[in-house]
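A.B. asks: Position in the sequence shown counted from 1, then plus 52, gives you this note's numbering. Just so you know, even glycine gets a beta-carbon here, dropped at the ideal spot from N, CA and C. Since this is a predicted model, take the numbers as computed values, not measurements.
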Amino acid sequence: MKITINKTTAIPALCAAMVWLLSAPVAADVKRGENLHANNCVSCHASMVGGDGSSLYTRTDRKITSRSQLISQVNRCETTLGLGWFEEDVKAVVEFLDRNYYRF
């Protein structure tokens, strides 16, 4: 029995499978970032700007204008609050904020 592979369908299917496999950890990190943000950031940000604090990210004169600034700011908040996060935690919060508000 000879097996032939149709390159026209095999390559796109392989690419789709790779994208799906690679996006799973990112989705988990975004969810973890969302949880860390909700439990550690929202109350402070809400006290600063009211509501759920998200207007801090969406205001027209926002201070964060690049991904590197976002990383620095999350690190600054984490250090100021003494949260003891690991680098992966900071990355997860940055990913959550970037996907939901900044889109750098």
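Just the Cα atoms here: how many angstroms apart are R111 and L122?
C.D. replies: Position 59 of the sequence shown, counting from 1, holds the residue named residue 111. Position 70 of the sequence shown, counting from 1, holds the residue named residue 122. So the alpha carbons of these two residues sit roughly 15 Å apart.
A.B. asks: Helix, strand or coil for A76 per DSSP?
C.D. replies: Residue 76 sits at position 24 when you count from the first residue of the sequence shown. At A76 the pLDDT is 46, less than 50, meaning the model places this residue with poor confidence; the figure from the coordinates comes in the next sentence. Reduced to three states, the DSSP call for A76 is helix.
A.B. asks: Looking at the structure shown, is I123 part of a helix, part of a strand, or coil, going by DSSP?
C.D. replies: Looking up residue 123 in the sequence shown gives position 71. Residue state for I123 is assigned as helix, using DSSP reduced to three classes.
A.B. asks: Over the uninterrupted alpha helix (DSSP H) stretch that includes D113, give me the two end residues.
C.D. replies: Counted from its first residue, the sequence shown places residue 113 at position 61. Counting along the chain, D113 falls outside any alpha helix (DSSP H), and DSSP gives it neither H nor E.
A.B. asks: In the structure shown, what three-state DSSP assignment does F148 receive?
C.D. replies: On the sequence shown, residue 148 is found 96 positions in, with the first residue counted as 1. Helix, per DSSP.
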